[in-house]
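Enquirer: Quick one: structure below, then a few questions.
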Amino acid sequence: MKNSEILRTDAIALRISPFSNTSHIVTWLTQHGARIATSIRGACRNKSRFLGQYDYFYNCELLFYAHASASGIHTAREVCPIEMRPYLRTNWRAAMCASWFASLAMRAVRDGDSPPVYRLLENTLGLLDSPSRPTPAIFTRYELKLLDILGTAPNMSAPPCGCRLTDNVRFCIPEGRIVCPRHEPALFAAPGIFISGRTAQLCEAVIQGSDPGAERVRSEDTARLLRCLGLFIHYHIDGIEIKGRSTAVSAVAFSPPTAPAQR
Numbered sequence: 000m001k002n003s004e005i006l007r008t009d010a011i012a013l014r015i016s017p018f019s020n021t022s023h024i025v026t027w028l029t030q031h032g033a034r035i036a037t038s039i040r041g042a043c044r045n046k047s048r049f050l051g052q053y054d055y056f057y058n059c060e061l062l063f064y065a066h067a068s069a070s071g072i073h074t075a076r077e078v079c080p081i082e083m084r085p086y087l088r089t090n091w092r093a094a095m096c097a098s099w100f101a102s103l104a105m106r107a108v109r110d111g112d113s114p115p116v117y118r119l120l121e122n123t124l125g126l127l128d129s130p131s132r133p134t135p136a137i138f139t140r141y142e143l144k145l146l147d148i149l150g151t152a153p154n155m156s157a158p159p160c161g162c163r164l165t166d167n168v169r170f171c172i173p174e175g176r177i178v179c180p181r182h183e184p185a186l187f188a189a190p191g192i193f194i195s196g197r198t199a200q201l202c203e204a205v206i207q208g209s210d211p212g213a214e215r216v217r218s219e220d221t222a223r224l225l226r227c228l229g230l231f232i233h234y235h236i237d238g239i240e241i242k243g244r245s246t247a248v249s250a251v252a253f254s255p256p257t258a259p260a261q262r
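Numbering (numbering that gives the first Met the number 0), first residue to last: 0 to 262.
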C-alpha cells in the first residue's frame, strides 16, 4: 500500500461497527493510550482469517497499515488475541460494567494519548473477568482513578475556610468539592448532593490508593458515592451517555445490611 507504514501494538477492542456486509470497523485503545480505528475487511466471511481473533474487550496484538488519511481509519493486517476474557461473554452483569468502562475510556482519550488509561482499563477488565457479580469497589475505583488521571477527580477534603462540618456535608457538583454553608452560601445552593463524612473518606481513600477495609465500608456510603460520581461525571464529561451508567450500576452487587448482634 502506498503512503502507509506497518505498525504493531497491543490494544483493547472497545467498539465494533459494521462497515459493509462482510467487514467491520473496530475502535481500539492501544497500549500507548491512543484511540484508533481500523477496518477489518472480510471479517464476516466464512473462511476469514479474522474469525474468532477479536471481540469486545479482547486484548489483542494488532498489526495494521497506518494511513495519513482524513478519515483516520487504518487497515488491519493481522489480529491475534492475547487475553480473551471469556466471562465477559457469559456474565452479563460484568459485560454491562465493562461496556460503561469502555465508553468512559473512549471519552478520556479523545484529545491525545494516555497510557495510564490503558493500564487502568486492562486491570479493571481483568477484575471483571469472573463468574461473580461485580462489586461497588470495582466500579468506584475505576471511575475515581480515571477522573484522577484526567485531572478532574472530586475533592472530598474539608472546605478552604477550615470550618468543622457535620457528618452530613454538601458536595457541590460544578465546583467538585465540599462547600461550607456559612462562608459559601451561593455554592451551597448550587447543584449538589449531601454525602456523609464516611463517604467522603471512602472517596479520598480510593483516589490515594489506600484500602479503607471492607469492614469499614457500608453499602449506603458506597451507594451515595456512586450517585455522587454519576452526577459529577454527567456534569464534567461532555458527550457521555449517562443512561448506560445507570444500567451498569444496576448490575453491581451491594452487600445486605449487617444484622445487629444478639445480646
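Glycine is no exception: its CB is placed at the ideal position from the N, C-alpha and C atoms.
On the DSSP letters alone, give me the boundaries of the beta strand (DSSP E) that S38 sits inside.
Expert: The count along the sequence shown starts at 1 and reaches residue 38 at position 39. Start and end: 34–39.
Enquirer: What residue from A247, G41, P153, A189 has the CA that sits closest to A199's CA?
Expert: Looking up residue 199 in the sequence shown gives position 200. Considering only alpha carbons, the answer is P153.
Enquirer: Using the three-state DSSP reduction, which class does Y271 fall into: helix, strand or coil?
Expert: Since the displayed the chain opens at 0 and closes at 262, residue 271 lies outside it and no answer follows.
Enquirer: Under 8 Å between the Cβ atoms of L127 and I137?
Expert: Against the sequence shown, residue 127 aligns to sequence position 128. Against the sequence shown, residue 137 aligns to sequence position 138. A contact, by the Cβ cut-off of 8 Å.
Enquirer: Helix, strand or coil for N122? Go by DSSP, reduced to three states.
Expert: Counting from 1 along the sequence shown, the entry for residue 122 is found at position 123. Correct three-state label for N122: helix.
Enquirer: Within its chain, find whatever has a CB closer than 6 Å to the CB of R44; leave out the 5 residues flanking it on each side and keep chain order.
Expert: The residue labelled residue 44 in the question sits at position 45 within the sequence shown. Hits under 6 Å: T21.
Enquirer: Whole angstroms are fine: how far does the CA of V251 sit from the CA of S102?
Expert: As a working note, residue 102 is residue 103 in the sequence shown. As a working note, residue 251 is residue 252 in the sequence shown. Those two C-alpha atoms are separated by around 17 Å.
Enquirer: What's the gap between the Cα of E214 and the Cα of F49?
Expert: In the sequence shown, residue 214 corresponds to position 215, counting from 1. In the sequence shown, residue 49 corresponds to position 50, counting from 1. With a pLDDT of 42 at E214, under the threshold of 50, the modelled position of this residue cannot be trusted; read the value that follows with caution. Those two C-alpha atoms are separated by around 47 Å.
Enquirer: Any contact between the region 221–230 and the region 138–157? By contact I mean 3 or more CB pairs, one from each, below 8 Å.
Expert: With the cut-off at 8 Å, the region 221–230 and the region 138–157 touch.
Enquirer: Among residues of its own chain, excluding the 5 on either side of M105, which ones have a beta-carbon nearer than 8 Å to its beta-carbon?
Expert: As a first step, residue 105 must be located in the sequence shown, where it is residue number 106. The residues are L13, R14, T26, L28, R34.
Enquirer: Just to confirm my understanding: we take F100, look at its own chain, exclude 5 residues before and 5 after, and list those with CB closer than 7 Å. What are they?
Expert: Position 101 of the sequence shown, counted from the first residue, corresponds to residue 100. Excluding residues within five positions, the ones whose Cβ falls inside 7 Å are L120, T123, Y141.
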